[in-house]
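A.B. asks: Below is the structure I would like to discuss, written out as structure tokens.
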Amino acid sequence: QVPLVESGGGLVQPGGSLRLSCAASGIIFSIYDMNWYRQTPGKQRELVATITRGGATTYTDSVKGRFTISRDNAKNTAYLQMNNLKLEDTAIYYCNANFVQNSHWGQGTQVTVSS
Numbered sequence: 024q025v026p027l028v029e030s031g032g033g034l035v036q037p038g039g040s041l042r043l044s045c046a047a048s049g050i051i052f053s054i055y056d057m058n059w060y061r062q063t064p065g066k067q068r069e070l071v072a073t074i075t076r077g078g079a080t081t082y083t084d085s086v087k088g089r090f091t092i093s094r095d096n097a098k099n100t101a102y103l104q105m106n107n108l109k110l111e112d113t114a115i116y117y118c119n120a121n122f123v124q125n126s127h128w129g130q131g132t133q134v135t136v137s138s
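Printed below as a string of structure tokens:
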């Protein structure tokens with residue numbers, strides 16, 4: 024059973040919005056810090072946003088003011104609201120759950136920003 028499953032990716036025009044979801048199963052979701060990463064071909068995976076189990080959030084500079092990470096512990100789901108998308112946001116987005124030495128990854132969802 025895959026602990027994390029992402030959804031919500033797709034094709035959007037510049038300036039558009041998408042909301043990614045990361046549904047967790049088989050783990051105690053509320054104790055995990057949740058992260059969204061992204062990766063483009065030939066580049067290292069980049070940490071985009073983090074929400075701790077306490078609800079604190081951090082963002083990489085390039086998405087500050089445009090992306091919002093959130094979580095709903097009752098639904099075992101983390102979200103990434105992406106607004107004012109830019110061409111350079113095109114990537115595969117991965118959900119990651121971290122607790123001490125336990126780390127789980129989703130399979131990724133493609134986000135393509137194109138006119």
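Mind the numbering: the sequence shown is residues 24 to 138 in the numbering used here, read in order. For glycine and all other residues, C-beta sits at the position ideal for the given N, C-alpha and C. All of these numbers come straight from a predicted model, not from anything done at the bench.
Ignoring anything shorter than 3 residues or poking outside the stretch 70-104, list the beta strand (DSSP E) runs there in chain order.
C.D. replies: Those beta strand (DSSP E) runs which fall completely within the stretch 70-104 and span 3+ residues are 80-82, 90-95.
A.B. asks: Could you have a look at Y54 and say whether DSSP puts it in helix, strand or coil?
C.D. replies: The sequence as given places Ile at residue 54; Tyr does not occur at that position. Reduced to three states, the DSSP call for I54 is helix.
A.B. asks: Determine the DSSP secondary structure at L34, reduced to helix, strand or coil.
C.D. replies: Looking at L34 - three-state DSSP - the assignment turns out to be strand.
A.B. asks: For R94 and I74, which I take to be in contact (beta-carbon distance under 8 Å), what is that distance rounded to the nearest angstrom?
C.D. replies: With a Cβ gap of about 5 Å, R94 and I74 count as contacting.
A.B. asks: Check L108 in the structure and name its three-state DSSP category.
C.D. replies: Correct three-state label for L108: coil.
A.B. asks: Between T91 and A101, what straight-line distance do the alpha-carbon atoms span, to the nearest angstrom?
C.D. replies: In a straight line, the C-alpha of T91 is about 11 Å away from that of A101.
A.B. asks: Using 7 Å as the threshold, is the C-beta distance between N99 and A47 below it?
C.D. replies: Their beta carbons are under 7 Å apart, which means N99 touches A47 by this criterion.
A.B. asks: Take N58 as the anchor and find which of G129, V136, E111 has the nearest alpha-carbon.
C.D. replies: Of G129, V136, E111, the residue nearest in Cα terms is G129.
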